[in-house]
Amino acid sequence: MNTVPKAIIDKFAVNEIEMENLRELLAEREMELKRAQKSWMDRLKEAEDLRKSDMLLLRRKGLALELSKDLHQACLVNLTDDPMLSETLFYILPPGLVTIGRKRSTTTGTQPDIILDGPLIAHNHCTIENNNGSLFVTPESNDFQTYINGEIVTSRTQVHHGDRLAFGGSHFYRINNPGESEKGNNKLFDFRYAYQEILEKREEKIRLELENEKFQAINKIEVDRCEHERKMKERLDQMDLKQLVLKCDEEIIDSERKLNAQHLKQETALGKSPLKVVQMRKSNLLDEINNIMQTPSKGIQHKIQLLVNEANDHCENNNIDLEFKPLYAVDQFGVPHFQIIIVDKEKQLQAEWPVARLQVWLHTLQEYCHLKDIFKFVDIEWKKLDGQCRKNVFEDKDVVSKEPVHNITSLLPIEKISPNNENTDIGTTAVKYLDQILKSSEDLKGLCLSNYGSMELNNVRSSLKELLERITDTLNTVVNCIENN
0 MNTVPKAIID KFAVNEIEME NLRELLAERE MELKRAQKSW MDRLKEAEDL
50 RKSDMLLLRR KGLALELSKD LHQACLVNLT DDPMLSETLF YILPPGLVTI
100 GRKRSTTTGT QPDIILDGPL IAHNHCTIEN NNGSLFVTPE SNDFQTYING
150 EIVTSRTQVH HGDRLAFGGS HFYRINNPGE SEKGNNKLFD FRYAYQEILE
200 KREEKIRLEL ENEKFQAINK IEVDRCEHER KMKERLDQMD LKQLVLKCDE
250 EIIDSERKLN AQHLKQETAL GKSPLKVVQM RKSNLLDEIN NIMQTPSKGI
300 QHKIQLLVNE ANDHCENNNI DLEFKPLYAV DQFGVPHFQI IIVDKEKQLQ
350 AEWPVARLQV WLHTLQEYCH LKDIFKFVDI EWKKLDGQCR KNVFEDKDVV
400 SKEPVHNITS LLPIEKISPN NENTDIGTTA VKYLDQILKS SEDLKGLCLS
450 NYGSMELNNV RSSLKELLER ITDTLNTVVN CIENN
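Just so you know, numbering that gives the first Met the number 0 puts the end of the sequence shown at 484, numbered straight through with nothing missing.
Structure below.
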């Protein structure tokens with residue numbers, strides 16, 4: 000019996016379970032083969048449908064990659080420095096308000112309609128209003144900038160087709176408004192133009208600010224220069240006035256010296272010796288001083304009256320409401336002196352001037368052009384007008400006799416000398432005169448030192464000075480007579 004074929008059959012026998020597995024695997028292979036055999040047109044159609052659904056979703060959120068020709072809607076077109084990416088995004092602007100800003104990190108609050116990133120973008124940067132096809136941009140933050148055609152806007156501004164918008168100086172867009180494109184300019188501007196436009200406007204603004212600061216600085220320098228020149232002119236005027244006063248004082252002193260010298264020559268030219276002249280006058284030096292004190296010279300009165308008239312004429316011609324009056328007064332020590340009373344009628348004030356100051360003031364008027372400011376450089380001690388009008392020496396001829404004049408002999412211990420006695424030696428008489436002058440001068444010195452700085456002494460300063468000058472002239476005449484005898 001042959002057993003070989005049976006063994007072969009047993010070896011290659013098929014298991015029913017394995018056969019079932021193979022059938023299932025074959026079916027899967029056949030399905031995969033059918034999918035692979037599907038046409039490329041069907042796959043492209045499915046991808047197109049998927050893209051359309053994605054675009055529809057983006058359009059609902061206000062973003063589009065392209066615009067249909069039959070859909071006339073205003074939108075923002077992005078502008079970038081990369082030509083491949085520029086003008087590829089379109090932000091549709093539906094009717095109403097569209098908010099633009101940075102995404103909020105918290106869930107509280109509403110997110111803006113158009114989200115932009117960057118440190119120069121505020122959370123609520125600005126809004127764009129679409130009012131029946133008219134677009135208006137309103138900035139919502141003062142700290143973050145919004146540009147329209149290179150200009151910074153701070154209030155609600157209308158934009159038109161082709162205008163350039165820049166948010167924060169880093170996001171650039173162009174307005175696309177089909178409703179206005181048919182009416183206005185259809186020229187399209189790219190990113191380079193919009194960016195250069197902002198740079199030029201910034202440079203122009205900086206240039207104007209610099210020019211304004213330069214103009215203000217020049218004006219300030221000019222004002223300071225004018226003020227400095229004014230102060231310098233005032234100082235120079237003050238210096239000129241002081242020099243003029245000094246010059247007037249020198250001229251007064253020089254004229255007095257010349258006058259004294261002339262008087263000395265006239266007295267020396269008299270026939271006899273000065274001592275005999277004194278003897279013929281039957282008077283001594285102190286009697287002459289008393290006579291001078293008690294009887295003012297008519298020439299001096301006339302001279303002072305002319306000065307007062309001249310001062311009043313100047314005040315009247317230049318509308319200065321002041322009146323000058325001469326006054327012959329005697330102090331408590333019996334020393335007479337002339338004074339000038341200045342009366343301010345409007346303010347009801349009065350002041351006293353010595354005659355010398357009035358002369359200087361009149362001389363200053365001849366060289367000073369601003370007469371109303373002449374008192375600015377003159378010290379005047381104004382007092383309230385007391386209402387007691389002291390008599391003018393030129394209006395009342397007897398005012399001198401009515402004033403209480405003290406005789407110098409009542410103040411100084413002077414021995415009465417009779418120079419007309421025939422038995423009296425001239426030399427002895429002269430020595431006695433000089434001895435009396437020496438004693439009187441010592442007493443006068445003590446009186447001045449004990450009352451130094453007092454108001455009474457200051458008030459009679461000019462009168463004392465005039466008396467001392469006359470005494471000096473008289474003594475000089477005596478000295479010259481003795482030397483020439």
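C-beta atoms are modelled at their ideal positions from N, C-alpha and C, and glycine is treated no differently.
| query | result |
| --- | --- |
| Beta-carbon separation (whole angstroms), P94 vs N129, contact threshold 8 Å | 5 Å |
| Alpha helix (DSSP H) runs contained entirely in the segment 151 to 224, provided each spans 4 or more residues | 177 to 180 |
| Rounded separation between T126 and L119 - CA only | 16 Å |
| Under the three-state DSSP convention, the category I436 falls into | helix |
| Whole-angstrom distance between W360 and I413, CA atom to CA atom | Per-residue confidence for I413 stands at a pLDDT of 45, beneath the threshold of 50, marking its modelled position as unreliable; the derived number appears in the next sentence. Taking the straight line joining both Cα atoms gives about 41 Å. |
| T471 burial status per 10 Å Cβ neighbour count (16 or more: buried) | exposed |
| At least 3 beta-carbon pairs within less than 8 Å: the segment 319 to 326 vs the segment 337 to 344 | yes |
| Selection from H159, R103, I99 that minimises the alpha carbon distance to T145 | I99 |
| CB of I113 within 8 Å of CB of V97, strictly | yes |
| Backbone CA spacing between Y194 and F171 [nearest angstrom] | 8 Å |
| N- and C-terminal bounds of the alpha helix (DSSP H) containing Q347 | Premise fails: Q347 is in no alpha helix (DSSP H) and is neither H nor E. |
| DSSP state of L263 mapped onto helix, strand, coil | helix |
| With 16 other Cβ atoms within 10 Å as the buried cut-off, status of D162 | buried |
| Supposed contact pair L75 and Y90 - C-beta distance, whole angstroms, cut 8 Å | 4 Å |
| Extent of the continuous beta strand (DSSP E) to which T79 belongs | It is not in any beta strand (DSSP E) - T79 carries neither H nor E in the DSSP assignment. |
| DSSP-derived helix/strand/coil call for E128 | strand |
| DSSP-derived helix/strand/coil call for Q72 | coil |
| Residue environment, S439, which counts as buried when at least 16 other CB atoms sit within 10 Å | buried |
| Same chain, Cβ closer than 8 Å to I197, five either side skipped, listed in chain order | Y146, G149, A165, G168 |
| Enclosing beta strand (DSSP E) for L361 [first to last residue] | Segment 354 to 364 is the alpha helix (DSSP H) holding L361; no beta strand (DSSP E) there. |
| Under the three-state DSSP convention, the category E315 falls into | helix |
| Boundaries (first-last residue) of the beta strand (DSSP E) holding L133 | According to the sequence shown, residue 133 is Ser rather than Leu. Residues 133 to 138. |
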